[in-house]
Structure formats: structure tokens, C-alpha cells
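Residue numbers (this note's numbering): 20 to 211.
Ideal placement from N, C-alpha and C gives every residue a C-beta, glycine not left out.
Contents: one structure, followed by commentary.
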Amino acid sequence: MVRLNKIYTRTGDDGTTALVTGPRRLKHDLRVDAYGTIDETNSTIGVARLHTAGMPELDAMLMRIQNDLFDLGADLAAPETGETLSYEPLRVIEVQVTRIEGEIDHLNANLDPLKSFILPGGSPAAAHLHLARTVARRAERIMVELSRFEGETIDEPALKYINRLSDFLFVAARFANDGGKADILWVPGKNR
């Protein structure tokens, strides 16, 4: 369990932060950027949830996802080093990926098939879910970039999870837009 007795430590005043495994990294380090963007994704979902109270099933899914995002942040903040640790680092696991896939399928089951791209918007919940989707995509881009650096590893379930999350948020936005009926469709070349 996490205990936060003191909020400020002054240890980051030099522009560094500690990973869970101990080493300090610059605050603009790509790994720190990755888990910081996961935190930003989580915060945008929190704002979206201000508008999903009337959709208890969707709201419960979003709350589970917020918890998963803390797991993902912890996973990223404890990179594999090959060293034996005195504890088992928290990792995103395949069952979390499978669960979000099932939730995508469940929400998507009654939506009309798309005939065009969707402009982000519609209801307040949908607009915020679209914003969360784009932040999740940015987190994914950062994670993929990080995984390409020698010595930087990200487990496959973590990459799968963030990829599925943006898909979930897209479908959730459609669901929140009256089952897709209030989606705003892109009309190519409309304003030429």
C-alpha cells in the first residue's frame, strides 16, 4: 500500500525525479514523460466522469480504467533492470487487456456502423472522452518511442493496454453520444 505522509520532499528541485526502482531521471526523460502522460490521461477521464453519472455502466468502466492507469503508471515507473528486487513490481497483465477488449465489444454491440469519421464533440461526456482518447494516443506514442531505445523495456501487455484504451474511449464517446445518434460526422471538403 502507498503511504504519502509528506507531499513535498524538495528532492526534485534539481529537475530530477526518482523511479520506483530507485534511480533518478531528469523530469523531461522519456520514461517520466510516458507515465506523466498516463497521469494526464487519467485526469482527463476524471473530467469526463463528471458527465457520466447518468450512465452508471460506462462510469463504472471508466472508474476501473482509472485504477488500471495507476497500475500502468507504476509499471512504467519501475522499469525492468535485470536486477533482483526485494519486491515484485506492479505490472499490467493480459487479463486487463482482455477485460477492456470485452468492454469495447459490449459498448460497440448496439452502435450503428460508421460511414464517416467522427468530429470530436456532441455531448459533454463524449467531448471529454474524445479528449481523453487523444491524450491516450499521445501516451502510446511516447511509450512506443521509449520502447525503441536500447535498455528501455516496456512489457507487451502495457503497450496493448494503452492501444486498446484509445479504442475504448472512442467507442465510449459514441456510446455517450446517445448510442452514436448524436455523433457529429466529418463531411470531406464541406467548406471548400
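Give the secondary structure of residue i by DSSP, where H, G and I count as helix, E and B as strand, and everything else as coil.
i	result
I181	helix
H125	helix
P176	helix
T60	helix
E102	coil
E171	coil
D94	helix
DSSP puts residue i in a beta bridge; with which residues?
i	result
I203	L138
Check each candidate in the options and name the one with the smallest Cα separation from residue i.
i	options	result
D202	R211, F189 and R156	F189
L81	K134, I112 and R118	R118
K209	A177, S135, A144 and M162	S135
H125	W205, D174, D186 and A151	D186
L165	P132, E76 and L95	L95
F89	E169, R110, A144 and M74	R110
For the putative contact between residue i and residue j, defined by C-beta atoms under 8 Å, what is the C-beta separation to the nearest angstrom?
i	j	result
T142	N196	Note that residue 142 is Ser in the sequence shown here, rather than Thr. Indeed they touch by this definition, with Cβ atoms about 5 Å apart.
Q85	G65	7 Å
Quick check on residue i: buried or exposed, where buried means 16 or more other Cβ atoms within 10 Å of its Cβ?
i	result
Y180	buried
N129	exposed
L138	exposed
D131	exposed
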